[in-house]
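A.B. asks:
Chains as they are written, first to last, in our numbering: chain A, 76 to 443; chain F, 76 to 443.
As structure tokens, this is what we get:
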């Protein structure tokens, strides 16, 4: 796989002043010591990964880092969103303190979004902040959590409710890892890629439509372009609004419905990307009802989500449960649910919507 | 008590760019709605306090805030350093999520350092950051945790190991609260006030020596000056080094030995300020051995610590246990303990010291 890609990685720079960092995108990067040449040197590093990813890539990363750190330890967490909680986070602190890690110790997050979010929050909080590097091994993590500095764990009453804005020193998107990704996970990543079209870039949306089969078939060149362009768009938005006071919220297109699905079914039942894929279809219907887009565009988006292998009908949690779950979304203010809606294809805005209208959308989009 | 103070509070500004905030110092401030006139308005506020402070001041603060928030709830945590852990922190998240608190909700920390540290970390982490206000009710919290933005909880393997740098919007030092403070707690606060002399300002040290009896007797004018000057010195140091990469570490004079005492005896056995008072004496002896100060100054500092009602002899944990505990201090690097030592009265530096020398100091300063 790496042989079909250019030998020097593509690079997207995330400009955030003294918290700026690069994203490197290419095949075989995680086993190449050169990839980590600019990571701050320290006595020790801790690779945090999970039981699924560890046997595939932990050893390679450990070897690649051996020259820069006297000790490189690996901590393997239980896999899955259900473990994105304090108990599992505490395993990272236990490992760090158990090994006497100091505040120069570098954490490496090797895995998907769950590993990235937890490792990032651990890095933000351990001794009030140690450096960390993201090595996302899922498509979703490469295009979503690699930009923006959002880290978090879940609380029984809400997803990502406890966390920090904390930037990595480097993000390494090794496209070779996508070849071992389960099909469901690949589709879940495509949901976040598709998202960037309607909210920000219709030329990219056109490109995704034309290349969806190549993406589903894991064509390395198509994946490289999709990852790079997604990171660029996200970087542009985040650069204007690092702490999500306004514009950045548009990146949550599909997420208000999506989080309700995930939380309502129990974390881990649907993948985050699956819930977002379906949530985008629901949010598109809501956008249409609010006068933003026409039925044809809703259909176009629905078709693309479907071709990516994602669900387009929501689970029947009951409208009241959906509303209740969405009211505790972080974007809510004083109990009013605020949705990201498409104003015109390629541009999103935040809107409140009457409960009655949301109920209509749910009735239309959910299967009994 | 408030009547002996000027009606308009003294003010120390902490200049940290867009994270700047004022400290207000005066009598009766917490029950005055005017004190909170610049706090961001929101639907709800949560006062986090403890079971000791709640009956004394929670109601007054709640009334003072009633005009600015539709709902002002009070959460009373168990009192004491032993509860500065994840389980207790989680009570804050449970309360916030249980009441549907949004990301504009303002947290008020009403209590000592433990309440301040936990509430600050909860504010830093809840939805990745909500505004918070410190209302420190102990002398130690007024002169120490009110400046610097350090928030944290303890981990079984180390104190303040999990936390964030997060600035409050406002700090309110109500001197009237010091009148209800137990004597041990007052002395504990004096330890941190005394600290500012040897590390930064010998004129202030002279003033403390001349006024130690007035301070112990809780003279309001003396306390007002001590609190203001301590905050000013700390603000100067923190302003030059917000994230503790260098200079700021001098504020930890006495803390390396002190943390070992607290942790070795079990949190809560000695008060933090008591451990710091004794730790300063130990660090002074170490400074003398490293050639920084003479025996006369060590004696002068020891005498002042004693007059403040603080212990000057450490518990006999055994030298090996002390060394082991100090090696996991956050200032350690690659297993080498780094001490804050007095270079010359009024100026501190970071130094490593040979284990043998540290053992000599421990033998000299610890009672069997």
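Beta carbons are placed, not taken as given, at the ideal position from N, Cα and C, and that holds for glycine.
Kindly say whether residue 93 of chain A, judged by its beta-carbon, lies nearer than 8 angstroms to any beta-carbon of chain B.
C.D. replies: The chain labelled as chain B is not found among the protein chains of the depicted structure, namely A and F.
A.B. asks: Is there at least one Cβ from chain F nearer than 8 angstroms to residue 87 of chain A's Cβ?
C.D. replies: As a first step, residue 87 of chain A is located in the first chain; it is residue number 12 there, counting from the start. Chain F, which has no Cβ nearer than 8 angstroms to the Cβ of residue 87 of chain A, makes this no.
A.B. asks: Identify the continuous beta strand (DSSP E) that holds residue 96 of chain F and give its terminal residues.
C.D. replies: Locating residue 96 of chain F in the second chain gives position 21, where the first residue counts as 1. 96-101 is the extent of the beta strand (DSSP E) around residue 96 of chain F.
A.B. asks: Would DSSP call residue 171 of chain F helix, strand or coil?
C.D. replies: Numbered from 1 along the second chain, position 96 holds the residue referred to as residue 171 of chain F. Three-state DSSP puts residue 171 of chain F in a helix.
A.B. asks: Runs of 3 residues minimum, wholly inside the region 105-193 of chain F: which ones carry the beta strand (DSSP E) assignment?
C.D. replies: Whole beta strand (DSSP E) segments, 3+ residues: 117-125, 144-152 and 181-186.
A.B. asks: In angstroms with no decimal places, state the Cα-to-Cα distance between residue 77 of chain F and residue 165 of chain F.
C.D. replies: Translated into the one-based positions of the second chain, residue 77 of chain F becomes position 2. Translated into the one-based positions of the second chain, residue 165 of chain F becomes position 90. Reliability of the predicted coordinates at residue 77 of chain F is poor, the pLDDT of 42 falling under 50, and the value obtained from them is presented with this limitation in mind. Using only the alpha carbons, I get a separation of about 36 angstroms.
A.B. asks: Count the other CB atoms within 10 Å of the CB of residue 432 of chain F; is the residue buried (16 or more) or exposed (fewer)?
C.D. replies: As a first step, residue 432 of chain F must be located in the second chain, where it is residue number 357. It counts as exposed.
A.B. asks: Give me whichever residues DSSP pairs with residue 226 of chain A in a beta bridge.
C.D. replies: Sequence index remark: in the first chain, residue 226 of chain A carries index 151 (1-based). Answer is A:239.
A.B. asks: Does any residue of chain F bring its CB to less than 8 angstroms from the CB of residue 309 of chain A?
C.D. replies: The residue you call residue 309 of chain A lines up with position 234 of the first chain. It does not; no Cβ of chain F falls within 8 angstroms.
A.B. asks: Using CA coordinates, which residue listed in A:271, A:150 and A:216 is at the minimum distance from residue 172 of chain A?
C.D. replies: If you number the first chain from 1, residue 172 of chain A lands on position 97. Ranking A:271, A:150 and A:216 by Cα distance to residue 172 of chain A puts A:150 first.
A.B. asks: Once the 5 residues before and after residue 144 of chain A are set aside, which same chain residues still bring their CB inside 8 angstroms of it?
C.D. replies: The residue given as residue 144 of chain A occupies position 69 in the first chain. 116, 117, 118, 119, 120 and 181, listed in sequence order.
A.B. asks: Thinking residue 347 of chain F and residue 156 of chain F are a contact (beta carbons under 8 angstroms), I'd like their distance in whole angstroms, please.
C.D. replies: The sequence position of residue 347 of chain F within the second chain is 272, counting from 1. The sequence position of residue 156 of chain F within the second chain is 81, counting from 1. Confirmed, Cβ separation roughly 7 angstroms.
A.B. asks: For residue 414 of chain F and residue 396 of chain A, I'd like the C-alpha separation in whole angstroms.
C.D. replies: The residue labelled residue 414 of chain F in the question sits at position 339 within the second chain. The residue labelled residue 396 of chain A in the question sits at position 321 within the first chain. The alpha-carbon atoms of residue 414 of chain F and residue 396 of chain A are separated by roughly 56 angstroms.
A.B. asks: If the criterion is Cβ atoms closer than 8 angstroms, does the pair residue 124 of chain A and residue 185 of chain A meet it?
C.D. replies: Here residue 124 of chain A is taken as the residue at index 49 of the first chain, counted from 1. Here residue 185 of chain A is taken as the residue at index 110 of the first chain, counted from 1. Contact flag set, yes.
A.B. asks: May I ask you to list, following chain order, the residues of the region 151-167 of chain F that have a beta carbon less than 8 angstroms from some beta carbon of chain A?
C.D. replies: Here the close residues are 161 and 165.
A.B. asks: Just the Cα atoms here: how many angstroms apart are residue 122 of chain A and residue 107 of chain F?
C.D. replies: Locating residue 122 of chain A in the first chain gives position 47, where the first residue counts as 1. Locating residue 107 of chain F in the second chain gives position 32, where the first residue counts as 1. Cα-Cα distance, rounded: 51 angstroms.
A.B. asks: Write down the C-beta distance between residue 263 of chain F and residue 349 of chain F rounded to the nearest angstrom, noting that I regard them as a contact closer than 8 angstroms.
C.D. replies: For the purposes of this step, residue 263 of chain F is taken as residue 188 along the second chain, with counting starting at 1. For the purposes of this step, residue 349 of chain F is taken as residue 274 along the second chain, with counting starting at 1. Contact flag correct, Cβ pair sits at about 5 angstroms.
A.B. asks: At what residues does the beta strand (DSSP E) containing residue 323 of chain F begin and finish?
C.D. replies: Counting from one through the second chain, the residue named residue 323 of chain F turns up at place 248. First-last for residue 323 of chain F: undefined, no H or E at that position.
A.B. asks: Chain F partners of residue 240 of chain A, CB-CB under 9 angstroms?
C.D. replies: Counted from its first residue, the first chain places residue 240 of chain A at position 165. Those are 203 and 204, listed as they occur along chain F.
A.B. asks: Short of 7 angstroms in beta carbon distance, which residues of its chain neighbour residue 83 of chain A, apart from the five on each side in sequence? Order them along the chain.
C.D. replies: By 1-based counting over the first chain, the position of residue 83 of chain A is 8. Around residue 83 of chain A: no qualifying Cβ.
A.B. asks: Using beta carbons (cut-off 8 angstroms, strictly below), is residue 77 of chain A in contact with chain F?
C.D. replies: Along the first chain, one-based indexing puts residue 77 of chain A at 2. A caution first: residue 77 of chain A carries a pLDDT of 42, below 50, which makes its placement in the model unreliable, though a value can still be read off. Judged by the 8 angstroms Cβ criterion, residue 77 of chain A is not in contact with chain F.
A.B. asks: Which residue wins for smallest C-alpha separation from residue 89 of chain A, given the options A:339, A:316 and A:101?
C.D. replies: The residue you call residue 89 of chain A lines up with position 14 of the first chain. The residue with the shortest Cα to Cα distance from residue 89 of chain A is A:316.
A.B. asks: Within the 8 angstroms Cβ cut-off, does residue 200 of chain A reach chain F?
C.D. replies: The sequence position of residue 200 of chain A within the first chain is 125, counting from 1. Cβ-Cβ to chain F under 8 angstroms: yes for residue 200 of chain A.
A.B. asks: Within a Cβ cutoff of 6 angstroms, which residues of the same chain sit near residue 266 of chain A, ignoring the five residues on either side of it in sequence?
C.D. replies: Along the first chain, read from residue 1 onward, the residue named residue 266 of chain A stands at position 191. Cβ within range, chain order: 348, 351, 352 and 385.
A.B. asks: Does residue 297 of chain A pass the burial test, meaning 16 or more other C-beta atoms within 10 Å, or should it be called exposed?
C.D. replies: Residue 297 of chain A sits at position 222 when you count from the first residue of the first chain. Per the 10 Å Cβ criterion, buried.
A.B. asks: Mind checking residue 444 of chain A: buried by the 16 CB within 10 Å criterion, or exposed?
C.D. replies: Nothing about residue 444 of chain A can be read from this structure; chain A reaches only from 76 to 443.
A.B. asks: Run down chain A in chain order and give the residues with a C-beta less than 9 angstroms from the C-beta of residue 173 of chain F.
C.D. replies: The residue given as residue 173 of chain F occupies position 98 in the second chain. Simply 232.
A.B. asks: Measure the C-alpha to C-alpha separation of residue 437 of chain A and residue 332 of chain A and round it to an integer number of angstroms.
C.D. replies: Reading the first chain from its first residue, position 362 is the one you call residue 437 of chain A. Reading the first chain from its first residue, position 257 is the one you call residue 332 of chain A. Roughly 9 angstroms separates the two Cα atoms.
A.B. asks: If we define contact as Cβ-Cβ less than 8 angstroms, is residue 407 of chain F a contact residue for chain A?
C.D. replies: Here residue 407 of chain F refers to the residue found at position 332 of the second chain. By this cut-off, residue 407 of chain F is an interface position.
A.B. asks: In the DSSP output, what is residue 408 of chain F paired with across the bridge?
C.D. replies: In the second chain, the residue the question calls residue 408 of chain F occupies position 333. Answer is F:411.
A.B. asks: Between the Cα of residue 304 of chain A and the Cα atoms of A:289, A:293, A:160 and A:278, which residue gives the shortest distance?
C.D. replies: Here residue 304 of chain A is taken as the residue at index 229 of the first chain, counted from 1. Looking at the Cα atoms, A:278 is the closest of the given residues.
A.B. asks: Pick from A:340, A:402, A:335 and A:360: whose alpha carbon is nearest that of residue 487 of chain A?
C.D. replies: The structure shown does not extend to residue 487 of chain A, since chain A spans only 76 to 443, so no value can be given for it.
A.B. asks: Is residue 250 of chain A near residue 299 of chain A, with beta carbons less than 8 angstroms apart?
C.D. replies: As a first step, residue 250 of chain A is located in the first chain; it is residue number 175 there, counting from the start. As a first step, residue 299 of chain A is located in the first chain; it is residue number 224 there, counting from the start. In contact: residue 250 of chain A and residue 299 of chain A (Cβ atoms closer than 8 angstroms).
A.B. asks: As an exercise, report each continuous alpha helix (DSSP H) stretch of at least 4 residues that is fully enclosed by the region 339-408 of chain A, in chain order.
C.D. replies: Runs found: 347-364, 370-382 and 394-402.
A.B. asks: How is residue 432 of chain A classed by DSSP in three states: helix, strand or coil?
C.D. replies: Residue mapping note: residue 432 of chain A aligns to position 357 of the first chain, counting from 1. Residue state, collapsed to three classes: helix.
A.B. asks: What are the residues in the region 237-269 of chain A lying within 7 angstroms of chain F by C-beta distance?
C.D. replies: The region 237-269 of chain A vs chain F, Cβ under 7 angstroms: 237, 238, 239 and 240.
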